[in-house]
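Visitor: Below is the structure I would like to discuss, written out as structure tokens.
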Amino acid sequence: MRVFLLVLVLTCCGQDGADDGPRQIFPYPGEYDSATYCEYVFDAQYLMYYDNYFVGDPFSPFLYSPQMQCLFFFEAGENEVVEVTFDPDFEIELSDDCKYDYLEIRDGRFGFSPLIGRICGNQSPGKITSSGRYLWMLFETDDELEYSGFYATFRFIPAPTRSTPEPQECFFHLSGSYDGEFTIKMGTDLVRKEDAHAPMDCTWQIDMPEDNKILITFPLFELSSVNDCEENRLIIYDKYSTAKWMMREYCSTNAPAAMAISNRMFIRFIASNRSSYNQVEMMYTAYTDKPCLEEGMIVCGPYMCLNKSLKCNGRQNCWNYPFDEEGCNNDQKGSTKTVNTALAVTMGIILTVTLIVVVVTCRHSCLRTREKAKAMASRRKMLNQQVQILMDGENVEMNSLGERQSSANGKYPGSRTGSIADGVPRTTRLSSSSHEFPMTASQLKDYERIMDSELGFEPRQKRTSLMEPESPWVRANQYNESFRRSSANPLHPGKEVKVQF
Ligand SMILES: *[C@@H]1O[C@H](CO)[C@@H](O)[C@H](O)[C@H]1NC(C)=O
Ligand SMILES: *[C@@H]1O[C@H](CO)[C@@H](O)[C@H](O)[C@H]1NC(C)=O
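Have a look at this one:
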């Protein structure tokens, strides 16, 4: 046993990994009737850890599970091929075109590799050998009529000597992080080939941690032959690289984002000429569509949560929303400290200047408004006074105020009263209070006109008064009221100025 293990390790890690012992592939111990989805990778590593393979009972009493998808992927070492031997005891539900339950075998790495067979019924396929290092098998069952299934073993055997070297693969496996990006520029960059104009067929396999799904976006999508899918196209597969799991095919001017329902995605790009101009940029992101309650998750949009490690990583992972790159101090880690400082200083200067401008403007306009209001108040008083004087002059007989000489009179220079009230003696008696005068209709009109223009109101006739227009008291109160309002509110509606007295 020790010797065997040693030999195994040596052979696995050496150039020649071929091992003479066959390995059982199905049923698999312990997981036979519970798994509805299973996946086995049989490669050199597998052989390292599972040296004591299980030999099952070919007449197993168990039936295979309904609604099962079981993938078997074989990867032999360099200069090796895969050989699978099926037991004669083979039983899968028989149907036309094997559409219900079937075992599909393909000669290569993918579900779109050349088909070896789609098998059902009770005819064992016997021994199958791959042409290259890879063999792909999918066992799929529907929800009814189960049978005992099959039993098979595999081994890696040295490849027969080739006349032509094995074609170089164009395959990239992306895993181990929650996001990433990759590009197709020219096919010539991806695979070195003798013929620069040879067709290209490249596949990227993205694997994400379990319970995650994949979002893929295309920041750039430019094909050399637009709308010619034969010439160039991009195909997206979800979970398995089979036609049934094909999600999208793009060969036009744009490639909308696509979301896988599984944690695996295949992106395949096919072009008939490797040197033609094709530019495609792709970005993938792992997400979950469960409520973002778990710690370490960030909300990205409806039914989309991202791992917190994607926050501020310089990639806008959230599809249409920049949530994950919002409020980040820096675009890139590391060398942006000086940039940040410069930015902070610039922002500070802008802020200070703005503040000063605001303060100055406000103060200026406040002062002006205040001055204006003050001036207006005194002018109003003066106007009242003048109107009073006019009235006094006209209605000397009617006026019963008598000889009262107001102390308020002293406030107003005589020259001014004299200039307005033409022909009225300088010693005109003035009413002590502007509240105590009756006006004639024409006086009222003048008063209104002057006040209107002073206060910046529209001409009076446009406004309707709710109060009785005949009463000068009502008018006067209205004026006081509107003056108060005009003081509290901007005089000019277009300009918003707060006034404080
Ligand atoms: C492939 O594309 C290159 C560059 O556009 C062109 O020069 C070449 O003729 C093409 N070859 C074929 C076989 O179409
Ligand atoms: C987020 O990612 C880190 C590794 O970057 C991982 O350790 C952690 O478990 C992840 N969190 C969740 C909730 O998946």
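Residues -18 to -1, 1 to 483 (mature numbering (1 follows the signal peptide of the UniProt record, and there is no 0)) are what the sequence shown spells out, left to right.
From the three backbone atoms N, C-alpha and C, an ideal C-beta is built for every residue, glycine too.
Judging by CA-CA distance, which residue of Tyr219, Gly114, Asp71 and Ser95 is the nearest neighbour of Asn104?
Guide: Checked all of Tyr219, Gly114, Asp71 and Ser95; the closest Cα to Asn104 is Asp71.
Visitor: From Asn295 to Pro191, what does the alpha carbon distance come to, in whole angstroms?
Guide: Each residue's Cα considered, the two are about 19 Å apart.
Visitor: Along the beta strand (DSSP E) that carries Thr185, what are the first and last residues, could you check?
Guide: Met182 to Asp189 is the extent of the beta strand (DSSP E) around Thr185.
Visitor: Assuming Glu163 and Glu65 make a contact with CB atoms under 8 Å, what is their CB distance in whole Å?
Guide: About 39 Å separates the two Cβ atoms, so there is no contact after all.
Visitor: Is the region 222 to 234 in contact with the region 272 to 290, if contact means three or more CB pairs nearer than 8 Å?
Guide: The answer is no - the region 272 to 290 does not touch the region 222 to 234, with fewer than three Cβ pairs under 8 Å.
Visitor: When every heavy atom of ligand 2 is checked, does at least one fall within less than 7 Å of the C-beta of residue 491?
Guide: The requested residue 491 is not part of the displayed model; the chain covers only -18 to 483.
Visitor: When the distance is taken between beta carbons, is Met182 closer than 8 Å to Cys152?
Guide: Yes.
Visitor: In the DSSP assignment, find the alpha helix (DSSP H) that holds Asp171 and state where it starts and stops.
Guide: That run of the alpha helix (DSSP H) goes Gly169 to Leu172.
Visitor: So, for Glu21: in the same chain, excluding its five sequence neighbours on each side, which residues have a beta-carbon less than 6 Å away from its beta-carbon?
Guide: Closer than 6 Å at Cβ, skipping near neighbours: Leu53.
Visitor: Per the DSSP calculation, Met119 is bridged to which residue(s)?
Guide: Its beta-bridge partners are Phe54 and Ile87.
Visitor: Using C-beta distances below 6 Å, list every residue in its chain close to Ser113, excluding the 5 sequence neighbours before and after it, in chain order.
Guide: These residues qualify, in order along the chain: Asp89.
Visitor: Can you name the residues that DSSP bridges to Phe154?
Guide: For Phe154, which the question treats as bridged, DSSP gives the partners Trp186.
Visitor: The beta strand (DSSP E) spanning Gln261 covers which residue range?
Guide: Gln261 to Tyr269 is the extent of the beta strand (DSSP E) around Gln261.
Visitor: In the DSSP assignment, the beta strand (DSSP E) including Phe136 goes from what residue to what residue?
Guide: It spans Ala134 to Pro140 - the beta strand (DSSP E) in which Phe136 sits, taken as one unbroken run.
Visitor: Between Ile196, Thr146, Pro48 and Asp428, which lies nearest to Tyr82 when the distance is taken from Cα to Cα?
Guide: Of the candidates Ile196, Thr146, Pro48 and Asp428, the one whose C-alpha sits nearest the C-alpha of Tyr82 is Pro48.
Visitor: I'd like to confirm something about Asn255: is its beta-carbon nearer than 7 Å to some heavy atom of ligand 1, or not?
Guide: Because some heavy atom of ligand 1 lies under 7 Å away, the Cβ of Asn255 counts as near it: yes.
Visitor: What separation, rounded to the nearest whole angstrom, lies between the Cα atoms of Trp227 and Lys221?
Guide: The alpha-carbon atoms of Trp227 and Lys221 are separated by roughly 7 Å.
Visitor: Specify whether the region 289 to 308 and the region 167 to 185 touch according to this definition: at least 3 beta carbon pairs, one from each stretch, less than 8 Å apart.
Guide: No, the region 289 to 308 does not touch the region 167 to 185.
Visitor: Provide the residue(s) that pair with Leu216 in DSSP beta bridges, ordered along the chain.
Guide: Partner(s): Tyr232 and Phe251.
Visitor: Are the region 201 to 217 and the region 254 to 263 touching, with three or more C-beta to C-beta distances below 8 Å?
Guide: These segments touch.
Visitor: If you count every other CB in all the chains shown that lies within 10 Å of the CB of Phe251, and 16 or more means buried, which is it?
Guide: Buried, by the Cβ-count rule.
Visitor: Return the residue from the list Val23, Glu73, Leu85 and Pro107 that minimises the CA-CA distance to Glu128.
Guide: Of Val23, Glu73, Leu85 and Pro107, the residue nearest in Cα terms is Glu73.
Visitor: According to DSSP, is Leu337 helix, strand or coil?
Guide: It is helical.
Visitor: Comparing alpha-carbon positions, which option in Ser258, Asp161, Arg174 and Ile196 lies nearest Val208?
Guide: Taking only the C-alpha atoms, the option nearest Val208 is Ser258.
Visitor: Please report how far the alpha carbon of Ala178 lies from the alpha carbon of Thr185, in whole angstroms.
Guide: Looking at the two C-alpha atoms, the distance is approximately 19 Å.
Visitor: Nearest CA to the CA of Cys80: which residue from Arg144, Glu122, Arg361 and Arg246?
Guide: If we check each option's Cα against that of Cys80, Glu122 comes out closest.
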